[in-house]
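Structure, as structure tokens:
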Amino acid sequence: MSNKDINSINFSNNIKNIIKNEFPKVKRIKEETKTAISMCILEFSKILAAAIATECDKHGKLVVQKDVVDACKTLGFPEYATKAEAVQMPKKQEKPKPKETGLTQQQMIELQKELYRQARDEIKHRESFDF
């Protein structure tokens, strides 16, 4: 089964769930109606993806949340833009603060240079014994 087939099945299952949730009192929906709804959802997804790509082209290659929000606004769906804005993006991990050593930044730089020099000398020393 190809990725396209898998995506089609997942998309189809999602559409079935949407229809089921949005039409809870309807006992049966004709197959051609389901197909029409599926085609509308697919077409909307394509239009939204194209608008997001247009927004993305304005600043670079990476699609960011703002592109989705702006695309929704451009297409005239401010309510979706609001929902897209509400999505919480994972926060960047905070970098641990350096430990207090009592050294100034210049002293730490000098210490680091010295450690690099010692490491280079050690490598040269070991290489001199390699046959």
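For the sequence shown, UniProt numbering assigns the number 1 to the initial residue and increments by one for each residue that follows.
No residue lacks a Cβ here, since even glycine has one placed at the ideal position from N, Cα and C.
Any idea what DSSP makes of residue i, helix, strand or coil?
| i | result |
| --- | --- |
| His125 | helix |
| Leu42 | helix |
| Ile37 | helix |
| Thr54 | helix |
| Ser12 | helix |
| Arg28 | coil |
| Leu111 | helix |
| Val68 | helix |
| Glu85 | helix |
| Leu48 | helix |
| Thr74 | helix |
| Ile6 | Note that Ile6 scores a pLDDT of 46, beneath 50, so its modelled location is shaky and nothing firm can be said. |
| Glu79 | helix |
| Glu100 | coil |
| Arg117 | helix |
| Lys61 | coil |
Do residue j and residue i count as a contact pair if the criterion is CB distance below 9 Å?
| i | j | result |
| --- | --- | --- |
| Leu103 | Leu111 | yes |
| Ala81 | Asp70 | yes |
| Val63 | Ala84 | no |
| Ser45 | Ser12 | no |
| Ile47 | Ile18 | no |
| Ala49 | Leu75 | no |
| Ile29 | Phe23 | yes |
Step through the CB atoms of chain D and report whether any lies within less than 9 Å of the CB of residue i.
| i | result |
| --- | --- |
| Ala119 | Structure shown: chain D not included; a single protein chain is present. |
Exercise. Below 8 Å, can you find three or more Cβ-Cβ pairs linking the region 31–39 to the region 47–60?
Worked result: no
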